[in-house]
Amino acid sequence: MKFVFEKRKSTSVPALILVPLISFAVSLVLTALLLAVFGADPFKTYAAMAVGAFGTSHGFAETLVKAIPLMMTGLGVAIAFRLKFWNIGAEGQLTLGGVAAAGVALFMEHYFPGRSLLFAALFGGLIAGALWAGIPAILKTALKVDETLVTLMMNYIAILYSEFLYYGPWRDPKGYGFPGSRMFSANAWLPRIMGRAHVGIWVGIALAVILWLVLRRTRWGFELQIIGASQKAARYQGIAVERNIILAVMLSGALCGLAGAFEITGISHRLQQGLSIGYGYTAIIVAWMSQLNPLAVPFVAIALAGLSVGGDQVQMVMGLPAAMGVVMQGLILFPMLAGSLFTEYRLLIVKPEPRAACPEPSQE
Amino acid sequence: MDFLTSILTITIRAGTSLTIATIGEILTERSGILNLGVEGIMLMGAISAFAAVFYSHSIAIGLLTAVGVGGLLALLHAFLTTTMRANQVVSGLSITLFGTGFSSFLGQRLGPASNNFRLVGLRAERIVPLAPEWVKQIPIISAFFNQDIITYLVYILLPLAWFFLYKTRPGLWLRSVGEDPQTADAMGIDVTKTRYLYTILGGIMIALGGAHLSLSYTPGWSENITGGRGWIVIALVIFSMWNPARAVWGALLFGGINAVQFRLQASGTSIPANFLNMMPYIGTIIVLVVMTWWEALSKKVGAPAALGTSYMREDK
């Protein structure tokens, strides 16, 4: 008896939905084992996590607070990944978006009176993210420079630059040595809806729907789909591959930059430590668990945000490291990656025959 | 002279973890498997080695633990990308994400109760330089010999890996699997087995690079002790054009940048520390751009042709 993978004629829809759910379950089991090894009761821990993340209105608001940047960066990463452009620079794009938003809100109050300051700050963040992502996009399309590394290296540069600003020239002189800028005018504050959660959540959900429509229903979305499937085929059809990749990656960066601007105008109201805490990396998990489908991103973002808020709760209640939540997030990806095979292939059990069977004609 | 000797000593010490991990990643990529999990495997190697030495007081046990952990994580990557045909980029990223989170978790959990279960701030035995006292007196030369056992291992591995890859039969098999798995398969080479083997071997070397950080270069455990070195390794593989003999130049370049950075910071320069700390990252981008441009100009292709693609005999 032998196990053979046979390519499916079309992508399996049940597998597309079941694989992320099963992966989540597997991750729960693996983490339970880990918890047991470290002498903690898995059931109690999970109960504490669930209550912490979704059980109270404060907890739920905090889950939304974390879900907003994950949603925005998750959407950004998903767009780039659809084109097989491995943008792992969401963290840096978010950071620079936050820096630009803070810069506008802090120093350009005179140019943008009243509420217009908020929109100027958000726009600044969006543009900063788009430009920062544009650099690796141009390097990739013009010189074929590996984008994974460039985007990653640019994260470190952006984070160091933001640190330089809030420890250096932008530091609040009346801040008693606190690493952060002064608080900016309330004109640039994003309205809040529940606890610290702000209207960014509605923007994120709306953008998910809009992006889904753009990718499914517009000519541009169709072109991107062809480029993602095969650049060669796209060229034969006369699609401007390079220009489209640059545009899409800049859109990806703009979403991540907007995520940073939301963090600044919605949560901290100043530039300070704690802007770059890894949302841009978790975004990769969000995008991959959503199978790069924008409509799935908000749900996955809220689920992963719940894990992370629950992880913080577990630290307070049970004395377990908060990194718990991060470990669980990481553990989701492995079964997810292993399971993705089943969306394209089916498992066949073959009994040995006296003669080797003829190979199937290629499906590709 | 003393100044030069000390710069050179630090450069080689800083370059050690980079070089051994680069040789490992070259062997892996030569088989056609791109492992972006280097950063995560280095972190896990660093913490497991440090924790093992802390409790066993034995460097050997520490290094063996790192070897085991690195091998296991690489095995996971090999399984996902080879058997389960998962996307190599995403699988590697997952290993890095997991390694970053898990090492941070372990750092807050594996320590003794007296330190609140944390490993941060603890001291353990270090790997000490091997050279006898009289060698340390010789200027310049001593920089090469006043090093620890992992650096000596790098001295051996560099020519060995080159010789293996270009002058031996298994080395030829390895290269052919990375260039053209179909042909290699037709020649009777087991593509899957080769990929598993060299991914695991690479993971072991990468983990040893991590162990060098926590046991020698910056002794002790701190979160994200690697500070992006794993990613620089991936750039160094491109810089060395997948040839282990060239790995040393890139590692020395980056080790040198680190050493200069140290020296400038110590001398109290007016350049803000944050900009100095950007140097290795900006350096990596410049090196990448120049190397890619040069490769295109000279029409040389360094990368194994099948890098990043999974091989399935059933669907050609």
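If you read the sequences in order, they're chains A and B.
Numbering follows my numbering, with no gaps: position 3 of the first sequence is 3.
The number in my numbering is simply the position in the second sequence, starting from 1, with 1000 added.
Even glycine gets a Cβ: it sits at the ideal position worked out from N, Cα and C.
Worksheet item: Is the CB-CB distance between Gly330/A and Leu94/A below 8 Å?
Response: no
Fill in: N- and C-terminal bounds of the beta strand (DSSP E) containing Leu347/A
345 to 350
Worksheet entry | Span separating the alpha-carbon of Met316/A from that of Phe1164/B | 53 Å
Worksheet entry | Cβ pair count under 8 Å reaching 3, the region 106 to 119 of chain A against the region 64 to 81 of chain A | no
Practice prompt. Note down, in chain order, each residue of its chain lying with its Cβ closer than 7 Å to the Cβ of Thr1011/B, except the 5 sequence neighbours on either side.
Written response: Leu1252, Gly1255, Gly1256, Ala1259
Worksheet item: Is the shortest distance between the beta-carbon of Asn1277/B and the beta-carbons of chain A less than 8 Å?
Response: Chain A, which has a Cβ nearer than 8 Å to the Cβ of Asn1277/B, makes this yes.
Discussion item. Alpha carbons only, please: which of Glu1125/B, Glu1029/B, Glu1025/B is nearest the one belonging to Phe1050/B?
Written reply: Glu1125/B
Discussion item. If contact is defined by three or more beta carbon pairs under 8 Å, each pair taking one atom from either stretch, is the region 1087 to 1102 of chain B in contact with the region 336 to 355 of chain A?
Written reply: Counting C-beta pairs closer than 8 Å gives three or more between the region 336 to 355 of chain A and the region 1087 to 1102 of chain B, which meets the contact rule.
Discussion item. Short of 8 Å Cβ to Cβ, which residues in the region 1233 to 1250 of chain B face chain A?
Written reply: Ile1234, Ala1235, Ile1238
Worksheet item: Between Pro14/A and the rest of its own chain, which residues show a CB-CB distance below 6 Å, the 5 nearest in sequence each way excluded?
Response: none
Discussion item. Measuring only the C-alpha atoms, how far is Glu364/A from Arg1030/B?
Written reply: Any reading at Glu364/A must be qualified, since the residue scores a pLDDT of 43, below 50, and its modelled position is unreliable; no value is offered.
Practice prompt. Measure the beta-carbon distance from Ala208/A to Leu75/A and round it to whole angstroms, keeping in mind my assumption that it falls under 8 Å.
Written response: 6 Å
Fill in: Nearest to Tyr1155/B (by Cα), restricted to the options Gly1015/B, Leu1264/B, Tyr1217/B, Val1135/B
Gly1015/B
Fill in: Under 7 Å from the C-beta of Tyr1281/B: neighbouring residues of chain A
Ordered by position in chain A, the residues that pass the 7 Å Cβ test against Tyr1281/B are Met153, Tyr156, Ile157.
Worksheet entry | Distance between Thr73/A and Arg1169/B (C-alpha atoms, nearest Å) | Between Arg1169/B and Thr73/A, the C-alpha separation is close to 47 Å.
Worksheet item: Straight-line CA distance for Trp288/A to Gly134/A?
Response: When only Cα atoms are considered, Trp288/A and Gly134/A end up about 22 Å apart.
Discussion item. For Asn1146/B and Ser1017/B, what's the separation of their Cα atoms in angstroms?
Written reply: 16 Å
Worksheet item: Where does Val199/A fall in DSSP's three states?
Response: coil
Worksheet item: What are the residues of the region 260 to 285 of chain A that lie near chain B, defined by any Cβ-Cβ distance shorter than 9 Å?
Response: Taking 9 Å as the Cβ-Cβ cut-off, the region 260 to 285 of chain A approaches chain B at Gly278, Tyr281, Thr282, Ile284, Ile285, given in chain order.
Worksheet item: Quick one: does Leu1297/B have its CB under 8 Å from some CB of chain A?
Response: Not flagged as an interface residue toward chain A: Leu1297/B, since no C-beta distance is shorter than 8 Å.
Worksheet item: chain A beta carbons: is any one of them nearer than 8 Å to that of Val1260/B?
Response: no
Worksheet item: If we call anything under 8 Å between Cβ atoms a contact, is Val327/A one with Leu304/A?
Response: Not closer than 8 Å, so no.
Practice prompt. Quick one: list the residues of chain B neighbouring Lys144/A, beta-carbon separation under 8 Å, in chain order.
Written response: Thr1292, Ala1296
Worksheet item: Using the rule of at least 16 other Cβ atoms within 10 Å of the residue's Cβ for burial, across every protein chain shown, is Met324/A buried or exposed?
Response: The C-beta of Met324/A has 16 or more other C-beta atoms within 10 Å across all chains shown, which makes the residue buried.
Worksheet item: By Cβ distance below 6 Å, which residues in the same chain neighbour Phe342/A in space, the five residues on each side in sequence not counted?
Response: Ala15
Practice prompt. Measuring only between beta-carbons, confirm whether Pro1272/B sits less than 8 Å from chain A.
Written response: yes
Worksheet item: Of all the residues that make up the region 1102 to 1122 of chain B, which are near chain A by a beta-carbon distance shorter than 7 Å?
Response: Phe1102, Ser1104, Phe1105, Gln1108, Arg1109
Worksheet entry | The alpha helix (DSSP H) enclosing Ile264/A, as first and last residue numbers | Where Ile264/A is concerned, there is no enclosing alpha helix (DSSP H), given that its DSSP letter is neither H nor E.
Worksheet entry | 8 Å CB neighbourhood of Glu242/A in its chain, flanking five on each side removed | Thr141, Ala142
Fill in: Gly1032/B beta carbon less than 8 Å from that of Thr1292/B
no
Item to complete: Starting from the beta carbon of Thr148/A, find every residue of chain B whose beta carbon is closer than 8 Å, and list them in chain order.
Response: Leu1036, Val1089, Ile1234
Item to complete: At 7 Å on the CB atoms, spell out the chain A contacts of Gly1318/B, in chain order.
Response: The structure shown has nothing for residue 1318/B, since chain B only spans 1001 to 1316.
Practice prompt. Return the CA-CA distance between Ile1041/B and Leu1208/B, expressed in angstroms with no decimal places.
Written response: 9 Å
Worksheet entry | Residues, ordered as in the chain, of the region 116 to 127 of chain A that lie near chain B by beta-carbon distance below 7 Å | If the cut-off is 7 Å between Cβ atoms, the region 116 to 127 of chain A has nothing near chain B.
Discussion item. Given this structure, state the Cα-to-Cα distance separating Pro294/A from Ile1225/B, to the nearest angstrom.
Written reply: 35 Å
Fill in: Local Cβ density within 10 Å of Lys1316/B, reported as buried at 16 or more and exposed below that
Caution is warranted here: a pLDDT of 47 is assigned to Lys1316/B, below 50, making its placement in the model unreliable, and no coordinate value can be reported.
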